[in-house]
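Down below is the structure, laid out as structure tokens.
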Amino acid sequence: ETGVTQTPRHLVMGMTNKKSLKCEQHLGHNAMYWYKQSAKKPLELMFVYNFKEQTENNSVPSRFSPECPNSSHLFLHLHTLQPEDSALYLCASSQDWAGSWEQYFGPGTRLTVT
Amino acid sequence: AQSVTQLDSHVSVSEGTPVLLRCNYSSSYSPSLFWYVQHPNKGLQLLLKYTSAATLVKGINGFEAEFKKSETSFHLTKPSAHMSDAAEYFCVVTNNNAGNMLTFGGGTRLMVKP
Chain A
1 ETGVTQTPRH LVMGMTNKKS LKCEQHLGHN AMYWYKQSAK KPLELMFVYN FKEQTENNSV
61 PSRFSPECPN SSHLFLHLHT LQPEDSALYL CASSQDWAGS WEQYFGPGTR LTVT
Chain B
1001 AQSVTQLDSH VSVSEGTPVL LRCNYSSSYS PSLFWYVQHP NKGLQLLLKY TSAATLVKGI
1061 NGFEAEFKKS ETSFHLTKPS AHMSDAAEYF CVVTNNNAGN MLTFGGGTRL MVKP
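Heads up: the protein sequence lines correspond to chains A and B, in order. So for the first sequence, the working numbering puts the first residue at 1; every next one is plus one. So for the second sequence, the working numbering puts the first residue at 1001; every next one is plus one.
Printed below as a string of structure tokens:
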């Protein structure tokens, strides 16, 4: 499989549930990103990892917890979410964090919080 | 600081007619600029990028964009629209002097009429 994959593609969870989103990149990249895409709002960067180390946390609430065990895998652990967290969560990767490398995006996980 | 403004939230064209999607940017440093396309329920796909080389950039699917520093613009064009071009398009800027922090425009939804 090539590119950036994300699982699950759709997720419905209650506010008291705990779930995880998974992202895997098959491009040999060193940097990985989580974005949130809500209706009528620009894409929001949430987290950045470069060589497995977190380099950016864009003031994201603690109910979102990222994990990057290696350069190919990125997780987003979710707990006690709010309805306003319902959105499309996109994962991306790039060759490196520095400079102007283009980012490659996965298909996203459509999250609905009930 | 950097920002992107996509001047039209919706653009409607007839199949076979030219496409123009407008983008203005601001950046404190030498920018890199990208256009991404997002089809319904899909992730973002890179169309083209500008990184301080040729000011006229050719991308996939017949799209191109011209970097105009004096006008701080990076408009996306295509000579003849296809039905398959109907999607949302994002203009994106990043700062060449810092990490790979992409700033997204609000998006332009392109509709193509038969």
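Note that the Cβ used here is the ideal one computed from N, Cα and C, for glycine as well. Source: prediction; values computed, not measured.
For residue i, count neighbouring Cβ atoms within 10 angstroms of its own Cβ and tell me buried if that reaches 16, exposed if not.
i       : result
M1083/B : exposed
L1056/B : exposed
V12/A   : exposed
T7/A    : exposed
F51/A   : exposed
P1031/B : buried
What are the start and end residues of the beta strand (DSSP E) that includes residue i?
i       : result
L1021/B : 1019-1021
Y1089/B : 1087-1095
T7/A    : 4-7
K36/A   : 31-37
V1112/B : 1108-1113
F47/A   : 44-50
H1039/B : Element bounds for H1039/B: n/a, residue is neither H nor E.
S1070/B : Careful: S1070/B lies outside any beta strand (DSSP E) and carries neither H nor E.
Is the beta carbon of residue i less than 9 Å from the beta carbon of residue j?
i       : j       : result
K36/A   : Y89/A   : yes
T1077/B : A1065/B : yes
L1020/B : W1035/B : no
H29/A   : T112/A  : no
R1022/B : T1103/B : no
H79/A   : S65/A   : yes
A1081/B : L1110/B : yes
S1026/B : T1094/B : no
So, does the region 91-100 of chain A touch the region 1006-1015 of chain B, judging by three or more C-beta pairs under 8 Å? Flag = no, the region 91-100 of chain A and the region 1006-1015 of chain B do not touch.
I want to know whether the region 11-24 of chain A touches the region 68-87 of chain A - three or more CB-CB distances under 8 Å. Flag = yes, the region 11-24 of chain A and the region 68-87 of chain A touch.
Taking the runs of the alpha helix (DSSP H) that are 4 residues or longer, which of them lie wholly in the region 53-107 of chain A? As far as the region 53-107 of chain A is concerned, it has no whole alpha helix (DSSP H) run of at least 4 residues.
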